[in-house]
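Undergrad: To start, I am sharing the structure in question, which I have written as structure tokens.
Protein chains: 4
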Amino acid sequence: MSGGDQQVSPDAFLAMGREVIASQPFSVLIGAELHALSRGYIELQVPIFDKLKQQDGFAHGGVVSYLADNALTFAGGTAMAVPVVLSEFKINYVRPAIGERLIARARAVHFGSSQAVCTCEVFAVQDGEEKLCALAQGTIARLPDPSQKST
Amino acid sequence: MSGGDQQVSPDAFLAMGREVIASQPFSVLIGAELHALSRGYIELQVPIFDKLKQQDGFAHGGVVSYLADNALTFAGGTAMAVPVVLSEFKINYVRPAIGERLIARARAVHFGSSQAVCTCEVFAVQDGEEKLCALAQGTIARLPDPSQKST
Amino acid sequence: MSGGDQQVSPDAFLAMGREVIASQPFSVLIGAELHALSRGYIELQVPIFDKLKQQDGFAHGGVVSYLADNALTFAGGTAMAVPVVLSEFKINYVRPAIGERLIARARAVHFGSSQAVCTCEVFAVQDGEEKLCALAQGTIARLPDPSQKST
Amino acid sequence: MSGGDQQVSPDAFLAMGREVIASQPFSVLIGAELHALSRGYIELQVPIFDKLKQQDGFAHGGVVSYLADNALTFAGGTAMAVPVVLSEFKINYVRPAIGERLIARARAVHFGSSQAVCTCEVFAVQDGEEKLCALAQGTIARLPDPSQKST
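Encoded structure:
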């Protein structure tokens, strides 16, 4: 995906992104839906079904952090158009994730040949109204050459 | 849990922690297992079954961030012994999460009456060997008085 | 400052902010200049003189992190209008801080009665052109009641 | 420094590190002192003189973040032994920086050929007693090949 052809149409690009999501068993388990994708931008959604909740009826923080993790990675990967990995991120939870659906929107704020810095907002939708529930910022790194070894 | 009685035995404390995990549908979905719990310390594990993976066969970053999220919160909550919420955290992924099982160990490094700062290491266990795959640091806040309003 | 009167004029508010900056010896040492201040927003600048540089002629990362630290705190403090302290922040450096001047702009993205989450962009100005050199996100906390004790 | 000869004696290594600090005008302005340096480990200190303070008499948060910034970079650079740059870091302030001196100790927790993840503790020394005042975690990246261009 990340290294995808830059000449494809917007619809084909979105379809390619959906194939990537569909190939991630954990994204399927969580029920992630890709709603928009372009170079350096993604909108990823998750309907809040019961199995995603914690004891108080809100979506678990881990669902919100999953959304941030995946959305940041797609934003950086599509911006750089090379195979990437999420190097790190930081997330602030600002409101409980209450409602029918979570929407994560991430964008690449800066990118070069070796890394991208992306930001992500996660909104909870309740009765049709979006409320910010988390804010994230992270670094997406070009996958190191397989010939290089980590210690 | 977080506000639990401080006079309970270690076994009863662990049992109480397991009840909290069992009451979180998302933790059940992921298959989280509480292996150790004391004031300011937790060891939380997740066997890596297929549905937790991403397209390359590793555990998805969202599973690792779930572990950090939940472990940090328990470490802070048991240290402060009041109802808490995870305010924010930062995570660095240092190795792919490959293997049979993930182990998160979190501890409260500093805490006061209003917040705790905790760190968490996540290890992947492959062929019996633990390898560090992520490092996290976060802030756990005492739940604000329900009479206070957020804007 | 943070707990200042909300009825003051914009000019008086800015003047009050400048008094706070002038009362911080480290801000004076660095040469910080307050260019704009309103509730939840600040623009703080630093002319890059030689003593702020590192060995390669760029402004030292510590100058950039000082700007983020101070700007985030002012954005949160003026939004909440109570005495505050910077609880934590995260910063990504995206470009070397080269040029005549650094400009930090921070805003409160969300705030309640106990904390604010703010973001900050730091730009380097070279030959009149602004370029993003760092991106930060942090938590500003209401100063705990002095009767509460930290352990 | 970062790419220095790995065969040098501990004393020579420390002396090389002090030359780097002495070549950073901002480190000289702040009064940073290098007390220990080895591959993947550093202890950097700053005596708290009046110009480093904020309005309440504590060392300014920007001094603490400078220490974290520089210590993390040295820990990563000496671990990787190549020219590096601090990519990002996160810092939690847990206590006011009160006392005669600040001590930052940073270590490389994991490193490969392209990046290192390091942690740093900053202590304030008052009446001879060290108290933790901040906790940081960051990513140090190998300097990109000059032939690669950032956009």
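Protein chains in written order, with this note's numbering: chain A, 12 to 162; chain B, 12 to 162; chain C, 12 to 162; chain D, 12 to 162. All residues carry an ideal CB built from backbone N, CA and C; glycine is no exception.
#1: Below 8 Å between beta carbons: does that hold for residue 148 (chain B) and residue 101 (chain D)?
#2: Using DSSP's beta-bridge definition, name the partner residues of residue 128 (chain A).
#3: Under the rule that 16 or more other beta-carbon atoms within 10 Å means buried, what is residue 67 (chain B), buried or exposed?
#4: Spell out the partners DSSP gives residue 49 (chain C) in its beta bridges.
#5: Going by beta carbon distance, what residues of the same chain come within less than 7 Å of residue 136 (chain D), once the five residues before and after it are set aside?
#6: Can you tell which of D:45, D:19, D:22 and D:21 has its C-alpha closest to the C-alpha of residue 31 (chain D)?
#7: Curious, which full-length alpha helix (DSSP H) runs of at least 4 residues does the segment 55–115 of chain D contain?
#8: Taking only beta-carbon positions, decide if residue 76 (chain B) is within less than 8 Å of chain C.
#9: Going by the beta-carbon positions, is the gap between residue 150 (chain B) and residue 126 (chain B) smaller than 8 Å?
#10: So what does DSSP say about residue 133 (chain A), is it helix, strand or coil?
#11: Excluding five sequence neighbours on each side, which residues of the same chain lie with their C-beta closer than 8 Å to the C-beta of residue 98 (chain D)?
#12: Just to make sure I have the definition right: I need the residues of chain D whose C-beta is within less than 8 Å of the C-beta of residue 146 (chain B). Which are they?
#13: DSSP puts residue 140 (chain C) in a beta bridge; with which residues?
#14: Using a beta-carbon distance cut-off of less than 8 Å, what residues from the segment 52–85 of chain C approach chain B?
#15: Give a yes or no on whether the minimum CB-CB distance between residue 19 (chain B) and chain D is below 8 Å.
#16: Residue 19 (chain C): which of C:42, C:49 and C:34 sits nearest, CA to CA?
#17: Using a Cβ-Cβ cutoff of less than 6 Å, which residues in the same chain neighbour residue 65 (chain D) once the five nearest sequence positions on both sides are dropped?
#18: Suppose the cutoff is 8 Å on Cβ atoms and the five residues either side in sequence are ignored; what does the same chain contact list for residue 79 (chain C) look like?
#19: Ignore the nearest five residues each way along the sequence and tell me which others in residue 75 (chain C)'s own chain have a CB closer than 6 Å to its CB.
#20: Nearest CA to the CA of residue 58 (chain A): which residue from A:25, A:39 and A:104?
#21: Run through DSSP, which three-state label would residue 33 (chain A) get?
#22: Tell me, to the nearest whole angstrom, how far the beta carbon of residue 53 (chain D) is from that of residue 86 (chain D); I am working on the premise that it is less than 8 Å.
#23: Could you tell me if residue 28 (chain D) is buried or exposed, where buried requires 16 or more neighbouring beta carbons within 10 angstroms of its beta carbon?
#24: Going along the chain, which residues of its own chain have a beta-carbon closer than 8 Å to the beta-carbon of residue 159 (chain C), five neighbours each way excluded?
#25: Which residue's Cα is closest to the Cα of residue 106 (chain B): D:121, D:43 and D:61?
#26: Could you tell me which chain D residues have their CB closer than 7 Å to the CB of residue 102 (chain C), listed as they occur along the chain?
#27: Is residue 34 (chain A) near residue 155 (chain D), with beta carbons less than 8 Å apart?
TA: Taking the definition as stated:
#1: yes
#2: A:121 and A:150
#3: exposed
#4: C:52
#5: 110, 111, 112 and 114
#6: D:45
#7: 72–91
#8: no
#9: yes
#10: strand
#11: 126, 149, 150, 151 and 152
#12: 120, 121, 128, 130 and 148
#13: C:137
#14: none
#15: no
#16: C:49
#17: 71
#18: 100, 102, 115, 117, 131, 133, 145, 147 and 149
#19: 108, 133 and 145
#20: A:39
#21: helix
#22: 5 Å
#23: buried
#24: Residue confidence is low: residue 159 (chain C) scores 48 on pLDDT, short of 50, so the model does not pin down where it sits. Its coordinate-derived value is still stated next. For residue 159 (chain C), where only same-chain residues beyond five positions count, there are no Cβ hits under 8 Å.
#25: D:121
#26: 99 and 100
#27: no
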